[in-house]
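See below:
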């Protein structure tokens, strides 16, 4: 059983640029959630994707958007980057529906984004 | 609005003794609670969870206690081992653990050999 993977590991961008982060969910999982963890803080929920549609969103502006693909992998896109977007971006996978339910979210190692 | 609070930023415990990490929440709609452990440069690792219909859940050295009336949960680690040194986050959900999680700010646990 493969775990959650994320790419890239680190990324440096400048203010105003756009970035795409990628996540592959754990095998057997169909749900992906994205979190932002600023320094010294706990992870904050950005949004969740289930069956290729957004299924809940946290308090983040529309310039944070995402996609989920038929193989359940996901992308997080951030437009018009701001200095405050510098953070660790975490992806977590779980499973909903059917006879197998995962009541737990399993996290990837994260992507460290630095905005200069 | 910090709905999940971990008021102790750090905790040091002697190896072999009990570690007790605390977490308070304000949202009475939270129904499911989880503890995660995080090492540097890694994502959070799931430790243990508890549903609001229970007041205790055990898994090996880890026990989570939930006091719904006080809106308080705690994680007990017995006996503490050096590998337990990490940042511990408590998280809460309004439904199941696969829904939106609201995290506390974490407690850094250091186990002293």
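Residue numbers (my numbering), protein chains in the order written: chain H, 1 to 116; chain V, 1001 to 1113. Even glycine gets a Cβ: it sits at the ideal position worked out from N, Cα and C.
8 angstroms Cβ cutoff, residue 1040(V) in contact with chain H: Here residue 1040(V) is taken as the residue at index 40 of the second chain, counted from 1. Residue 1040(V) does not count as touching chain H.
Local Cβ density within 10 Å of residue 38(H), reported as buried at 16 or more and exposed below that: Numbered from its first residue, the first chain carries residue 38(H) at position 38. By the 10 Å Cβ count, residue 38(H) comes out exposed.
Neighbouring residues, chain H, relative to residue 1089(V) (Cβ below 8 angstroms): Here residue 1089(V) refers to the residue found at position 89 of the second chain. Correct list: 42, 43.
Nearest to residue 1025(V) (by Cα), restricted to the options 1035(V), 1099(V), 1006(V), 1036(V): For the purposes of this step, residue 1025(V) is taken as the residue at position 25 of the second chain. Checking every option, the nearest Cα to that of residue 1025(V) belongs to 1006(V).
Contact residues within the stretch 1022–1054 of chain V, judged by C-beta distance below 9 angstroms to chain A: Reference to chain A is not applicable here, since the protein chains of this structure are H and V.
CB of residue 75(H) within 8 angstroms of CB of residue 21(H), strictly: To locate residue 75(H), count along the first chain from 1; it is residue 75. To locate residue 21(H), count along the first chain from 1; it is residue 21. Yes. Within cutoff.
Three-state secondary structure assigned by DSSP to residue 1083(V): Here the question's residue 1083(V) lines up with position 83 in the second chain. Three-state DSSP puts residue 1083(V) in a helix.
Best match in 53(H), 36(H), 12(H) for proximity to residue 1105(V) [C-alpha to C-alpha]: For the purposes of this step, residue 1105(V) is taken as residue 105 along the second chain, with counting starting at 1. The shortest C-alpha separation from residue 1105(V) is found at 36(H).
Meets three-Cβ-pair contact criterion under 8 angstroms: the stretch 1055–1068 of chain V and the stretch 1001–1016 of chain V: no
Closer than 8 angstroms to chain V by CB, residue 106(H): By one-based count along the first chain, residue 106(H) stands at place 106. Yes, residue 106(H) counts as interfacial toward chain V.
Chain V residues whose Cβ lies nearer than 9 angstroms to that of residue 10(H): Within the first chain, residue 10(H) is the residue found at index 10, counting from 1. Those do not exist, as residue 10(H) stays about 10 angstroms from chain V at its closest Cβ, beyond 9 angstroms.
Through-space distance from residue 1076(V) to residue 86(H), alpha-carbon basis: Against the first chain, residue 86(H) aligns to sequence position 86. Against the second chain, residue 1076(V) aligns to sequence position 76. Between residue 86(H) and residue 1076(V), the C-alpha separation is close to 34 angstroms.
Within 8 angstroms, strictly: CB atoms of residue 1034(V) and residue 1101(V): To locate residue 1034(V), count along the second chain from 1; it is residue 34. To locate residue 1101(V), count along the second chain from 1; it is residue 101. Yes, Cβ-Cβ distance for residue 1034(V) and residue 1101(V) is below 8 angstroms.
In DSSP terms, what residue 66(H) is bridged to: The sequence position of residue 66(H) within the first chain is 66, counting from 1. Residue 66(H) is bridged to 76(H).
Residue 1031(V) in three-state terms, based on DSSP: As a first step, residue 1031(V) is located in the second chain; it is residue number 31 there, counting from the start. In the structure shown, residue 1031(V) sits in coil (DSSP, three-state: anything other than H, G, I, E or B).
Cβ of residue 31(H) within 8 angstroms of any chain V Cβ: As a working mapping, residue 31(H) is identified with position 31 in the first chain. For residue 31(H), a Cβ of chain V is located within less than 8 angstroms of the residue's own Cβ.
C-beta neighbour in chain H for residue 1098(V), strict 8 angstroms: Within the second chain, residue 1098(V) is the residue found at index 98, counting from 1. Chain H contact via Cβ: present.
Neighbour flag for residue 94(H) against chain V, beta carbons, 8 angstroms: For the purposes of this step, residue 94(H) is taken as the residue at position 94 of the first chain. Judged by the 8 angstroms Cβ criterion, residue 94(H) is in contact with chain V.
Proximal residues, the stretch 37–69 of chain H versus chain V, C-beta separation under 8 angstroms: Of all residues in the stretch 37–69 of chain H, 40, 41, 42, 43, 44, 45, 48, 56, 58 have a Cβ within less than 8 angstroms of some Cβ in chain V.
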